[in-house]
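Novice:
Protein chains: 4
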Amino acid sequence: MARRLKLGMVGGGQGAFIGAVHRMAARLDDCFELVAGALSSDPQRAQASAADVHLARSYTDWREMARAEGARDDGIDAVAIVTPNHLHAPVATAFLEAGIHVICDKPLAVSLAEGEALAQLARDQRRLFALTHTYSGYPMVRYARERVEAGDIGELRVVQVEYAQDWLALPLEQSGANKQAVWRTDPAQSGPAGCLGDIGTHAYHLAGFITGTLPVALSADVHTFVPGRRLDDHVQAMLRYANGARGMLMASQVAGGAENALRLRVYGTKGGIAFDQEEPNVLWFTPLGGAAQRLTRGRVNSAVAAHATRVPAGHPEGYPEAFAQLYKDAALQIEALDAGRPVPPESRLLTTVDDGVAGLRFIEAMLASSAAGGQWRDI
Amino acid sequence: MARRLKLGMVGGGQGAFIGAVHRMAARLDDCFELVAGALSSDPQRAQASAADVHLARSYTDWREMARAEGARDDGIDAVAIVTPNHLHAPVATAFLEAGIHVICDKPLAVSLAEGEALAQLARDQRRLFALTHTYSGYPMVRYARERVEAGDIGELRVVQVEYAQDWLALPLEQSGANKQAVWRTDPAQSGPAGCLGDIGTHAYHLAGFITGTLPVALSADVHTFVPGRRLDDHVQAMLRYANGARGMLMASQVAGGAENALRLRVYGTKGGIAFDQEEPNVLWFTPLGGAAQRLTRGRVNSAVAAHATRVPAGHPEGYPEAFAQLYKDAALQIEALDAGRPVPPESRLLTTVDDGVAGLRFIEAMLASSAAGGQWRDI
Amino acid sequence: MARRLKLGMVGGGQGAFIGAVHRMAARLDDCFELVAGALSSDPQRAQASAADVHLARSYTDWREMARAEGARDDGIDAVAIVTPNHLHAPVATAFLEAGIHVICDKPLAVSLAEGEALAQLARDQRRLFALTHTYSGYPMVRYARERVEAGDIGELRVVQVEYAQDWLALPLEQSGANKQAVWRTDPAQSGPAGCLGDIGTHAYHLAGFITGTLPVALSADVHTFVPGRRLDDHVQAMLRYANGARGMLMASQVAGGAENALRLRVYGTKGGIAFDQEEPNVLWFTPLGGAAQRLTRGRVNSAVAAHATRVPAGHPEGYPEAFAQLYKDAALQIEALDAGRPVPPESRLLTTVDDGVAGLRFIEAMLASSAAGGQWRDI
Amino acid sequence: MARRLKLGMVGGGQGAFIGAVHRMAARLDDCFELVAGALSSDPQRAQASAADVHLARSYTDWREMARAEGARDDGIDAVAIVTPNHLHAPVATAFLEAGIHVICDKPLAVSLAEGEALAQLARDQRRLFALTHTYSGYPMVRYARERVEAGDIGELRVVQVEYAQDWLALPLEQSGANKQAVWRTDPAQSGPAGCLGDIGTHAYHLAGFITGTLPVALSADVHTFVPGRRLDDHVQAMLRYANGARGMLMASQVAGGAENALRLRVYGTKGGIAFDQEEPNVLWFTPLGGAAQRLTRGRVNSAVAAHATRVPAGHPEGYPEAFAQLYKDAALQIEALDAGRPVPPESRLLTTVDDGVAGLRFIEAMLASSAAGGQWRDI
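The structure is reproduced here in structure tokens:
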């Protein structure tokens, strides 16, 4: 890396969760330096939060920040957007229009139309728009994609993906104490999808990322278990792929006993693979009729995995490193874009605004199918 | 056990698979002695097979066997039916009518009507009709049921059950060499359901056995992957329960890399459980928000598990023992029925003709829903 | 199998543990029929026990039984000896002298001299002497041996073997209620070694069986943790092999939390293997620098494994099947011996009196080294 | 954190391994900013390396660096020493004498005498001396220590610890291409212990850290497998504790198939625990006679674990985070020391120069015992 890029942040003040993770991720590989932020719309909280993280420039209004940073010679290269969902699009729009690259949490937006407009704007402005589907930063996820692409499981037959948590098994949002629970179950901040948008899109993205293909139709059942909850907390769907492959997807935030169980199995004509986010240094590959191989991060002979790895075999990496990988790839692309060079090939697995649009398409198809009694819907 | 019961067998000649397993299971706990059989309709093969297994009386016609054994003073107490599916009902009918108890492989029959008639006949004749849903013989499956029944996972919310194999990933039936593959993919012998009847019913039964409840509706996608195959080889479905619980079921015989992966997870308001048939001495229980407990056969303090166990903690039992458990429970019930005593409570988990009827109901709903484009169907 | 062999049993009356396992094992593959026994030296208990297991002929004195059975035309072919250790040698001697084959629990005897005399007698009488080192009956243990023998791990470098239990963590023998605990901690019945003889010999045997080689020297620490216990309950040792390989062995019956954790890892110049008795359908093989392979019973292409297997891939077998395998191999050898034919090659992995002698040699070296402050001792 | 501390580094130039890990660890929690370094004694390499990592001040001589930084008003607060072992003591001495806090890789020094002198100097100078026994930074390792300390496993009985790798299974040092292999097998740079010092000390430290106690005597076998290698590559030992507890320790760099398999099991009178470095988010706890509990980082209710954790339950942390934890604790202590405040209690688990001295004591006892044919030696 020739130099550290300058990063700004919108959202992520005291009490937030994902903002701190973004900051750690941005720092880990020494590609970014956080210099500016509108961490909170509350002036006092903004200032206190800024001091905590040693910000050079603190704003209370993100519109002003976009304007000011876009105008400075030493303004930020990129902004990390870590607000609740409903602000993703307006904030991103402001920064893109100011000529600033965007790294945005998922889901991309609260409607497909909004997302598509963002995608168009990013293209028009020729700015990077990275979407942090963190799990695609794991070396073994990228390696899985490489193996599938190389034909090692043969033709795709079956996709089984699920993402189970239990942190919303009780009506946690009702006391108001858990800020995460409050906004994630509030349609005004989260958009029309609850669990579906929060983690269903991760499951959907992971399956598409590894198989290299998206389903063409789905039949869904979107459900709310906890009485009084205003958004879904459990979704399930059957999937169909263009080549006839079948799939199932489940995402739940009320699955008593589950921590963060994002798991994928894919079966093809020649073999199958399995990945469990809670054990991310491992990928299972089983050839048809053969023995399961426990492939580990440091021992697979793969440039793709090596690019996404920091420490030797047997020294586990985790979620912060997967997140950092997205920032590292973003830095590589920003440098190339700013220099008018082609994007380096090793950074190409970075998830983009188009992944975000696909996620919104998925959300809309899920909601529509479920509303129509599970009718199969094209995605 | 006061005495060894006398067992007959229909089917299970040389080259068959499940017949040998039944014989081992019948023998293991010393409750039965195999004395008679119509192991094959081919006279030479019947005779050779009978010699292999030291049969006292060998028949080539099961109708004659039913008649003869029913008439002998020292005739068999029970018959094990291990033929292809289409013969289950006619053979069972003949033996029930001869007053002989029946232990029958699953699925019960090739249509719901046929199954219901059998159930009625068994009731009328006051004979035992055990259906060998083997996996319900595992101590940890029975223990799981006990824990759910005791309320340890709270109210049921989510059922995820699947049964994946890969042995039919290729068109194995086409060469004719693999007898199992031939009849299991032949509608004339298997009935209208392939993978669905063969292993889908196991998955369905296991979920119902452990949760103590059956879904009230399903939306299905019944599919055939292998070109030229005459029955389904992959099925998936979404489930709904009376209390609002949701579920998913998948059964596949073309899942490249899978051996015999029958797996169940159940999530409730207070916690979750998980069982994997390939590691049957273990049951996972995780309380809501707590640590997963790896419960093992020998260490759970449970009369139900103890009744289904033979060797001490840490000495694994397997599939033959689970199968033997059904025979042991059958022997206990036969002794009681013959003596006019009530069935011993510890034997009550034995799967019955009614489980078979429920399985046929499931098959018919799956086929109907899938034929109607996945429409939700009552079961 | 042309015919069922006739089996007798000494020991194994009501309340015993291993006798019932032997009976199940003898029955499982239909090679033996239990017809006679001296199940207890107490006449009433002998009679009640005999009735329980449908014995044709019940004795109260094993000397008389040896004499009588040896003299009958239809006398037993083989005797299973399941008494406490101190009786193994006298009982085996009596039956060998009566021309009857012997299947004996381990350890072989209570001293090396006694064991060597037995081995000589078995050779002189040309009778089978099988020693039930059960764990060598597991298909994946036999397969492991085959892989090592084929050179797949290269030259042997490191052996790590351990057998941990916790059932004697408390002074269980002191109340007298647990018969197993009483005799196993009593030098008069167990011989000079407690945990060392009971499970240390299993660990030692397993390592030797799989690697195909025994250490030439050891340095031991034999210890008793529980106050008042009269025999060791925890042993540890370092091992050296002729080729310079190193090893460690631990056996404990006071390891709080352990069930029956017999585990072996072997590392060589080309790779390593790992086996865990509590998951016996699996063997791990890892080539040097490569990915671990989870080899399963039904999927390894091996005649050796196939000979020791009963049900298809993914249908777990367990400890009863491993035990049965010894009986099956014993039956094959007895038939051959009685017919004057060479022993069938597939039965050759059956553990013998010589394995028992090696185990006694190990016990004596362990005790001697530990008594000498851990001095290295030749074995 | 009130401010970022200023960090210097000695060693860790291009091609080194652990230097980059230290930098990442120092950065992760935003407690340190790397500003100065003597990354290489080769001037060109030093300069190139310094540019890579955006160093403000680059030196080629660490003596000069210590002097210069000690004299500057804005000099470094602490130095990270990541050289080969033989330089640890001289470099640390120079910086301590310049009043600069030290964070040093392990082993502490190449002799016990050298180590003890360092410890004395650190005390005299009242400077922090942190030793990076990384594995003690894992939340579940610290949590394990807490549970043991709370008495949850009862009195200590058995310690089984091992650290197996295979990266030196072949004579990798002979080509000279692998710089790590060259210096780690060179007595002039590594000191008298090879594998023993490199990873044996980690295993020893981990066992002591978790159990809160060190063995009082050992009997060792220090061995070299690879022909021509100048230092040991495999060591094994038996351990004895003051209370009578027993233990075994193995460390190997030639264990074909092993990645970085640092594993510990501890058994006590009330239960046992198990930790595997390759799955660091998990700790197993099994009460005597009970079910194993799979405790996870995010779900144990422990301030000690929480202090060492960054992301929520189910989002894995890894080796970089464990390393960062040591830097975070070091920062907390440096701030307190510099302010004349007592060290914050939550930072107290940071490993120190005294842990380093204990490690050197262990090395010397191992070498002496092995040289004396495995004689038991006091540690």
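Residue numbers (the working numbering), protein chains in the order written: chain E, 142 to 520; chain D, 142 to 520; chain W, 142 to 520; chain F, 142 to 520.
Virtual Cβ for every residue (Gly too), placed ideally from N, Cα, C.
Less than 8 Å between the CB atoms is what I'm expecting for V376 of chain W and A392 of chain W, so what's the real figure, rounded?
Specialist: For the purposes of this step, residue 376 of chain W is taken as the residue at position 235 of the third sequence. For the purposes of this step, residue 392 of chain W is taken as the residue at position 251 of the third sequence. Yes, V376 of chain W and A392 of chain W are in contact; Cβ-Cβ is about 5 Å, under 8 Å.
Novice: Whose C-alpha, out of F:E255, F:A399, F:V300, is nearest the C-alpha of G497 of chain F?
Specialist: Within the fourth sequence, the letter at position 356 stands for residue 497 of chain F. Among F:E255, F:A399, F:V300, the Cα nearest to that of G497 of chain F is on F:E255.
Novice: If you measure from the beta carbon of T365 of chain W to each beta carbon in chain F, is any gap under 7 Å?
Specialist: Position 224 of the third sequence, counted from the start, is the residue given in the question as residue 365 of chain W. No, no contact with chain F.
Novice: Do Q306 of chain W and N401 of chain W have their C-beta atoms closer together than 7 Å?
Specialist: Position 165 of the third sequence, counted from the start, is the residue given in the question as residue 306 of chain W. Position 260 of the third sequence, counted from the start, is the residue given in the question as residue 401 of chain W. Their beta carbons are under 7 Å apart, which means Q306 of chain W touches N401 of chain W by this criterion.
Novice: Is the CB-CB distance between I244 of chain W and A449 of chain W below 7 Å?
Specialist: As a working note, residue 244 of chain W is residue 103 in the third sequence. As a working note, residue 449 of chain W is residue 308 in the third sequence. Their beta carbons are not under 7 Å apart, which means I244 of chain W does not touch A449 of chain W by this criterion.
Novice: Across which residues does DSSP place D470 of chain W in a beta bridge pair?
Specialist: Locating residue 470 of chain W in the third sequence gives position 329, where the first residue counts as 1. Paired residue(s): none; D470 of chain W is not in a bridge.
Novice: What are the residues in the region 285-314 of chain D lying within 9 Å of chain E by C-beta distance?
Specialist: Correct list: I294, G295, R298, V299, Q301, E303, A305, D307, W308, A310, L311.
Novice: Within the chosen definition, does the region 272-282 of chain F reach the region 458-472 of chain F through at least 3 CB pairs nearer than 8 Å?
Specialist: With the cut-off at 8 Å, the region 272-282 of chain F and the region 458-472 of chain F touch.
Novice: Are the CB atoms of T326 of chain D and L359 of chain D within a distance shorter than 7 Å?
Specialist: In the second sequence, residue 359 of chain D corresponds to position 218, counting from 1. In the second sequence, residue 326 of chain D corresponds to position 185, counting from 1. The answer is no: Cβ separation not under 7 Å.
Novice: State the beta-bridge partners of Y304 of chain E as determined by DSSP.
Specialist: Taking the first sequence and counting its residues from 1, the one referred to as residue 304 of chain E is at position 163. According to DSSP, which records beta bridges pairwise, Y304 of chain E is partnered with E:A392, E:L403.
Novice: Is the region 154-166 of chain W touching the region 510-517 of chain D in the sense that three or more CB pairs, one from each, lie closer than 8 Å?
Specialist: The region 510-517 of chain D is not in contact with the region 154-166 of chain W.
Novice: Please list, in chain order, the chain W residues whose beta carbon lies closer than 8 Å to that of L146 of chain D.
Specialist: Counting from 1 along the second sequence, the entry for residue 146 of chain D is found at position 5. Those do not exist, as L146 of chain D stays about 12 Å from chain W at its closest Cβ, beyond 8 Å.
Novice: Kindly list the residues whose CB is nearer than 7 Å to the CB of G500 of chain F, restricted to its own chain and excluding five residues on each side of it in sequence; keep chain order.
Specialist: Here residue 500 of chain F refers to the residue found at position 359 when the fourth sequence is read from its first residue. For G500 of chain F, where only same-chain residues beyond five positions count, the Cβ hits under 7 Å are K247, P248, L249, T342, Y345, H346.
Novice: Quick one: what does DSSP say I244 of chain F is sitting in, helix, strand or coil?
Specialist: In the fourth sequence, residue 244 of chain F corresponds to position 103, counting from 1. Of the three classes helix, strand and coil, the one that applies to I244 of chain F here is strand, per DSSP.
Novice: Rounded to a whole number of angstroms, what is the C-alpha to C-alpha distance between A171 of chain E and V323 of chain F?
Specialist: Numbered from 1 along the first sequence, position 30 holds the residue referred to as residue 171 of chain E. Numbered from 1 along the fourth sequence, position 182 holds the residue referred to as residue 323 of chain F. Reading off the sequence shown, one finds Asp at residue 171 of chain E, where the question assumed Ala. Straight-line Cα distance between these residues: approximately 29 Å.
Novice: Does the Cβ-Cβ distance between A454 of chain E and G439 of chain E come in under 7 Å?
Specialist: Locating residue 454 of chain E in the first sequence gives position 313, counting from the first residue. Locating residue 439 of chain E in the first sequence gives position 298, counting from the first residue. Their beta carbons are under 7 Å apart, which means A454 of chain E touches G439 of chain E by this criterion.
Novice: Determine the DSSP secondary structure at V441 of chain D, reduced to helix, strand or coil.
Specialist: Start at 1 with the first residue of the second sequence, and residue 441 of chain D comes out as number 300. Coil.
Novice: Return the residues of the region 396-410 of chain F that lie within a Cβ-Cβ distance of less than 7 Å from chain W, sorted by chain order.
Specialist: Against chain W - using a Cβ distance shorter than 7 Å - the residues of the region 396-410 of chain F are A396, G397, G398, A399, Y408, G409, T410.
Novice: Quick test of the definition: if touching needs 3 or more C-beta pairs under 8 Å, does the region 144-156 of chain W touch the region 183-199 of chain W?
Specialist: Enough Cβ pairs lie closer than 8 Å, so yes.
Novice: Quick one: give me the first and last residue of the alpha helix (DSSP H) that K320 of chain W is part of.
Specialist: In the third sequence, counting from the first residue as 1, residue 320 of chain W sits at position 179. From DSSP, the alpha helix (DSSP H) with K320 of chain W extends over 320-325.
Novice: Whole angstroms is fine: what's the gap from T410 of chain W's alpha carbon to L355 of chain W's?
Specialist: By 1-based counting over the third sequence, the position of residue 410 of chain W is 269. By 1-based counting over the third sequence, the position of residue 355 of chain W is 214. Going by the C-alpha atoms only, they are around 18 Å apart.
Novice: Quick one: does L262 of chain E have its CB under 7 Å from some CB of chain D?
Specialist: Here residue 262 of chain E is taken as the residue at index 121 of the first sequence, counted from 1. Judged by the 7 Å Cβ criterion, L262 of chain E is not in contact with chain D.
Novice: Could you name each continuous alpha helix (DSSP H) segment of 4 residues or more that falls completely within the region 334-358 of chain W, going from the start of the chain to the end?
Specialist: Fully enclosed alpha helix (DSSP H) runs of 4 or longer: 342-352.
Novice: Exposed or buried, what is E476 of chain W when buried is set at 16 or more other beta-carbons lying within 10 Å of its beta-carbon?
Specialist: On the third sequence, residue 476 of chain W is found 335 positions in, with the first residue counted as 1. Classification of E476 of chain W: buried, given that the 10 Å Cβ count is 16 or more.
Novice: Based on DSSP bridge pairs, tell me the residues matched to K147 of chain D.
Specialist: Counting from 1 along the second sequence, the entry for residue 147 of chain D is found at position 6. DSSP, once it has assigned bridges, lists D:E174 as partnering K147 of chain D.
Novice: Does the region 313-322 of chain W come within contact of the region 234-244 of chain W, defined as at least 3 CB pairs closer than 8 Å?
Specialist: Verdict: no, contact absent.
Novice: Starting from T437 of chain W, find everything on chain E with Cβ-Cβ shorter than 7 Å and list it in chain order.
Specialist: By 1-based counting over the third sequence, the position of residue 437 of chain W is 296. A432, listed in chain order.
Novice: Between the Cα of L491 of chain W and the Cα atoms of W:T273, W:D293, W:A189, which residue gives the shortest distance?
Specialist: To locate residue 491 of chain W, count along the third sequence from 1; it is residue 350. Per the Cα distances, W:T273.
Novice: Using a C-beta cutoff of 7 Å, does P421 of chain W count as contacting chain D?
Specialist: As a first step, residue 421 of chain W is located in the third sequence; it is residue number 280 there, counting from the start. Closer than 7 Å to some Cβ of chain D, the Cβ of P421 of chain W qualifies, so yes.
Novice: Residue range of the alpha helix (DSSP H) that T234 of chain W falls in?
Specialist: Here residue 234 of chain W is taken as the residue at index 93 of the third sequence, counted from 1. That run of the alpha helix (DSSP H) goes 229-238.
Novice: S360 of chain F versus chain W: which residues are under 7 Å apart at the beta carbon?
Specialist: By one-based count along the fourth sequence, residue 360 of chain F stands at place 219. Ordered by position in chain W, the residues that pass the 7 Å Cβ test against S360 of chain F are S360, G515.
Novice: Over what stretch of residues does the beta strand (DSSP E) that includes H375 of chain F continue unbroken?
Specialist: Working through the fourth sequence from its first residue, we reach residue 375 of chain F at position 234. Start and end: 375-381.
Novice: Residues bridged to I159 of chain F by DSSP?
Specialist: Sequence index remark: in the fourth sequence, residue 159 of chain F carries index 18 (1-based). Beta-bridge pairing links I159 of chain F to no other residue.
Novice: Could you give the distance in angstroms between the alpha-carbon of H195 of chain W and the alpha-carbon of L390 of chain E?
Specialist: Walking along the third sequence from the start, residue 195 of chain W turns up at place 54. Walking along the first sequence from the start, residue 390 of chain E turns up at place 249. So the two alpha carbons sit approximately 55 Å from each other.
Novice: Got a sec: is the Cβ-Cβ distance from R283 of chain W to anything in chain E below 7 Å?
Specialist: On the third sequence, residue 283 of chain W is found 142 positions in, with the first residue counted as 1. No, its Cβ sits nowhere closer than 7 Å to a Cβ of chain E.
Novice: Using only the alpha-carbon positions, how far apart do A189 of chain E and F236 of chain F sit?
Specialist: Position 48 of the first sequence, counted from the start, is the residue given in the question as residue 189 of chain E. Position 95 of the fourth sequence, counted from the start, is the residue given in the question as residue 236 of chain F. Cα to Cα, the separation comes out at about 36 Å.
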